[in-house]
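For reference, the structure discussed in these notes is given below.
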Amino acid sequence: MRFRAFVGCAALLGLIWFLGAYMNGHANMFTLVGERRVENPSAEFPAFAVLMLGGLIAFGVASIAFLWLLFRYVSYHYRGGTRAAYTMRRLPRRWEFALRCGALPLCGLAACQICWRALALLCGLVYAFATPERWLPPDAWGEVLYLVTH
Amino acid sequence: MLEIKNVSKNYGRKAALRDVSLSLPRGQLVGLFGENGAGKTTLMKCILGFVRYYGTITLDGEPIGRRNISRIAFATSEHSFFPDLSPLGHAQFYADHFPTFSRKRFDVLMDFFELPLSVASRKLSTGQKNQFEAVLALSQGADYILMDEPFGGNDVFNREDFYKVLLGILGENETVLLSTHLIEEVSGFIGRAVLIHQGRITGDVSMSDLDERGESLIDYVKSAWNYRADRIKKAIDELDEGAE
Amino acid sequence: MVSFEGFRPEGSEPIYLQIVGFVKRGIVSGEIPDGDELPSRRMLSALLGVNPNTVQKACRMLEDEGILVSHAGAKSYVACTPAKREALRGELVVSGAAAAALKLKEMGVTLEEAIKLISKAWEED
Chain U
1 MRFRAFVGCA ALLGLIWFLG AYMNGHANMF TLVGERRVEN PSAEFPAFAV LMLGGLIAFG
61 VASIAFLWLL FRYVSYHYRG GTRAAYTMRR LPRRWEFALR CGALPLCGLA ACQICWRALA
121 LLCGLVYAFA TPERWLPPDA WGEVLYLVTH
Chain Y
151 MLEIKNVSKN YGRKAALRDV SLSLPRGQLV GLFGENGAGK TTLMKCILGF VRYYGTITLD
211 GEPIGRRNIS RIAFATSEHS FFPDLSPLGH AQFYADHFPT FSRKRFDVLM DFFELPLSVA
271 SRKLSTGQKN QFEAVLALSQ GADYILMDEP FGGNDVFNRE DFYKVLLGIL GENETVLLST
331 HLIEEVSGFI GRAVLIHQGR ITGDVSMSDL DERGESLIDY VKSAWNYRAD RIKKAIDELD
391 EGAE
Chain S
395 MVSFEGFRPE GSEPIYLQIV GFVKRGIVSG EIPDGDELPS RRMLSALLGV NPNTVQKACR
455 MLEDEGILVS HAGAKSYVAC TPAKREALRG ELVVSGAAAA ALKLKEMGVT LEEAIKLISK
515 AWEED
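From first to last, the protein sequence lines are chains U, Y and S. Following our numbering, the numbering of the first sequence begins with 1 at its first residue and continues without gaps. Following our numbering, the numbering of the second sequence begins with 151 at its first residue and continues without gaps. Following our numbering, the numbering of the third sequence begins with 395 at its first residue and continues without gaps.
Here it is as structure tokens:
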């Protein structure tokens, strides 16, 4: 099913973005002093939100794609020179039409929601526990949780 | 008995149906005649529950709902099948959803009309599509079959065949409500004629009564619509005057 | 089995009367023999493209006139004794003549002119 690919891609992109941003932020903590990398005291390590948000764009795109899919499914029943909607709307199984059009898109949207939060959590773990503490704001983990739950 | 009582339907400010009442018992073949926009399609949509309306429509006393909707079938000139699905696929779909679907009737009719079974339905010709639409409606196993101008694009022999096979295949308890412009053509086929004009029922007569009165269906319709043959003379006169 | 192949509905006469007329003419001409079976109502309705009630009406009329007999099992048979056939023939002949006379009268033809016309046409055939 293609939607797994959608969500999978989004996750992958998100991860790559985060890692990229993280590495970038990491690198920015240092400046060159002569030939040695020294910590730059005035540089700031980016906040988690800043690092992560870019990576989540792909999920936004995927979500929009699912909504578009919903629209496509519904409009299929009004196109092609026929109005299959007339058949769908008079079936004894009342919810068949809604199910046929909505099941996949809704699952996709749900999967997006779950995946982005899971990804963010994962990256948050890296952020909060693998980065040197002195670079992080006081409640780094709290920041992570906040992002994941909103 | 399909009872339509005091049904009214407005689309915005336009009144599509005004206080329409009609009773359709089992086993009747009813012709529904009216000009474009008279309300024929709207009436069928109300029966099927596609649109909201004032008034009541009941099937054997019950409102039309999920439990009895399969007793009503629908064939429309707009076509209501799935464009990418083959006729065979449709048979499967109908069998899944309509407990009374008759695969036998489906096969017999598909064979009679010589329709291909395994091509996508959008690839059929217009005439074939009309026939296929009718086949589905007739095979559903419904007690009331609503047909909304089902013959657009079919030649006269096609249509004649169609009436005949319909008469042969319908059981005595199956009701057909057929809306069409072809008044003369269906006058032998139907047992009852209902006229609708600007949303109101303006005529309802059994063909048997017309026989007794010695009145033809066309004459009945003409008088109900106040068809004025003198309009033609008047128009021609006016044109002649202008030419002089 | 009675064949309705030659049946052509036309004009404004009610179809059930036209069916009755077709059967009667068939009996008189000999095409429909005594004892011939009539197709079932449903079959006849489908063959002619005519509402079953109309067929029913025609059959009932034929039964009332004793020309059609229904047995159990929805089968109907033509029942026409030679005497009956003669009577029918007489009926049709009389009504045919009446129709022709009416037509000529409507055109203002006198009786003598009518007789002359008919004799001439008779000889020419």
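We put the beta carbon where it would ideally sit given N, CA and C, even for glycine.
Reference residue i, options the options, closest by Cα
i	options	result
S:Glu457	S:Ser434, S:Tyr471 and S:Glu507	S:Tyr471
Y:Gly239	Y:Ser227, Y:Phe256 and Y:Ala223	Y:Phe256
S:Val520	S:Ala515, S:Ala466, S:Leu438 and S:Gly405	As shown, chain S starts at 395 and ends at 519. That puts residue 520 of chain S outside it, with no answer to give.
Y:Phe263	Y:Gly199, Y:Arg272, Y:Lys254 and Y:Gln281	Y:Gln281
S:Met478	S:Tyr410, S:Ile409 and S:Gly424	Residue identity differs from the one stated: residue 478 of chain S is Lys in this sequence, not Met. Per the Cα distances, S:Gly424.
S:Tyr411	S:Pro427, S:Val449 and S:Asp430	The sequence given here places Leu at residue 411 of chain S; Tyr does not occur at that position. Among S:Pro427, S:Val449 and S:Asp430, the Cα nearest to that of S:Leu411 belongs to S:Val449.
S:Ile421	S:Arg454, S:Pro403, S:Leu462 and S:Ser434	S:Leu462
Y:Leu332	Y:Leu367, Y:Thr325 and Y:Phe224	Y:Leu367
U:Leu53	U:Phe129, U:Asp139, U:Arg117 and U:Pro137	U:Arg117
Y:Tyr161	Y:Leu152, Y:Ser173 and Y:Arg202	Y:Arg202
Y:Glu362	S:Ala473, S:Gly502 and S:Lys451	S:Lys451
U:Leu56	U:Pro138, U:Tyr127, U:Ala128 and U:Cys123	U:Cys123
Y:Gly364	S:Gly405, S:Lys497 and S:Leu432	S:Gly405
U:Val61	U:Cys112, U:Phe97, U:Pro92 and U:Ala128	U:Cys112
Cross-chain neighbours of residue i in chain Y, by beta carbon under 7 angstroms
i	result
S:Gly443	Glu310, Tyr313, Lys314, Leu317, Gly338 and Phe339
U:Thr149	The contacting residues do not exist; U:Thr149 stays about 40 angstroms from chain Y at best.
S:Pro433	In chain order: nothing, as chain Y lies at least about 11 angstroms away.
Cutoff 9 angstroms: residue i Cβ touching any chain U Cβ
i	result
Y:Thr226	yes
Y:Arg217	yes
Y:Gly321	no
Y:Asp234	yes
Y:Ser271	yes
Y:Lys383	no
Y:Lys279	yes
Chain-ordered neighbours of residue i on chain S, where CB pairs are closer than 9 angstroms
i	result
Y:Met297	The premise fails here: Y:Met297 is roughly 16 angstroms from chain S at the closest Cβ pair, so nothing lies under 9 angstroms.
Y:Asp361	Pro408, Ile409, Tyr410, Leu411, Thr448 and Lys451
Within chain Y, the residues that residue i reaches when beta carbons sit closer than 9 angstroms
i	result
S:Pro476	Under the 9 angstroms cutoff, chain Y gives no residues; its nearest Cβ is about 32 angstroms from S:Pro476.
U:Leu91	Arg216, Ile219, Ser220, His247 and Phe248
Minimum Cβ-Cβ distance from residue i to chain Y less than 9 angstroms
i	result
S:Pro427	no
S:Arg436	yes
S:Ser439	yes
S:Thr504	no
U:Ala85	yes
S:Tyr410	yes
S:Ser489	no
U:Arg72	no
U:Arg117	no
Segment limits, alpha helix (DSSP H) that includes residue i
i	result
Y:Ser366	It is not in any alpha helix (DSSP H) - Y:Ser366 carries neither H nor E in the DSSP assignment.
Y:Thr325	Here Y:Thr325 belongs to no alpha helix (DSSP H); instead the beta strand (DSSP E) covers Thr325 to Ser329.
Y:Val180	Taken as a continuous stretch (DSSP letters only), Y:Val180 belongs to no alpha helix (DSSP H), being part of the beta strand (DSSP E) at Leu179 to Phe183.
S:Tyr410	Ile409 to Ser423
Y:Phe256	Arg253 to Phe262
S:Val396	S:Val396 -> no alpha helix (DSSP H), and no H or E assigned at all.
Residue range of the unbroken beta strand (DSSP E) whose run includes residue i
i	result
Y:Gly353	Arg350 to Ser356
Y:Pro169	First, the residue type needs correcting, since residue 169 of chain Y is Asp and not Pro in the sequence shown. Where Y:Asp169 is concerned, the enclosing beta strand (DSSP E) stretches over Lys164 to Leu174.
S:Arg479	Premise fails: S:Arg479 lies in the alpha helix (DSSP H), Pro476 to Glu500, not in any beta strand (DSSP E).
Y:Asp298	Tyr294 to Asp298
Y:Leu209	Tyr204 to Leu209
Y:Ile319	Y:Ile319 -> not in any beta strand (DSSP E); alpha helix (DSSP H) instead, spanning Val306 to Ile319.
Contact with chain S by residue i, beta-carbon distance below 9 angstroms
i	result
Y:Leu179	yes
Y:Met357	yes
Y:Gly353	no
Y:Ser366	yes
Cross-chain neighbours of residue i in chain Y, by beta carbon under 8 angstroms
i	result
U:Leu94	Per the sequence shown, the amino acid found at residue 94 of chain U is Arg instead of Leu. The contacting residues are Arg216.
Closer than 8 angstroms at the beta carbon, the chain U residues around residue i
i	result
Y:Phe231	Thr82, Ala84 and Thr87
Interface partners of residue i on chain U, CB under 7 angstroms
i	result
Y:Leu198	Arg90
So, do the region 439–448 of chain S and the region 345–359 of chain Y have three or more beta carbon pairs nearer to each other than 8 angstroms? The region 439–448 of chain S vs the region 345–359 of chain Y: in contact.
Below 8 angstroms, can you find three or more Cβ-Cβ pairs linking the region 177–188 of chain Y to the region 135–150 of chain U? Fewer than three pairs of CB atoms, one per stretch, sit closer than 8 angstroms, so the region 177–188 of chain Y makes no contact with the region 135–150 of chain U.
On the three-pair Cβ rule with 8 angstroms, is the region 344–352 of chain Y touching the region 302–318 of chain Y? Taking 8 angstroms as the limit for Cβ pairs, the verdict is that the region 302–318 of chain Y does not touch the region 344–352 of chain Y.
Assess contact between the region 64–77 of chain U and the region 97–108 of chain U, defined as three or more Cβ pairs (one per stretch) separated by less than 8 angstroms. Is contact present? With the rule of 3 Cβ pairs closer than 8 angstroms, the region 64–77 of chain U counts as touching the region 97–108 of chain U.
Could you say if the region 191–206 of chain Y and the region 282–300 of chain Y meet the contact criterion of at least three C-beta pairs nearer than 8 angstroms? By the criterion of at least three beta-carbon pairs nearer than 8 angstroms, the region 191–206 of chain Y is in contact with the region 282–300 of chain Y.
With a cut-off of 8 angstroms, do at least 3 Cβ pairs link the region 401–411 of chain S to the region 276–291 of chain Y? With the cut-off at 8 angstroms, the region 401–411 of chain S and the region 276–291 of chain Y do not touch.
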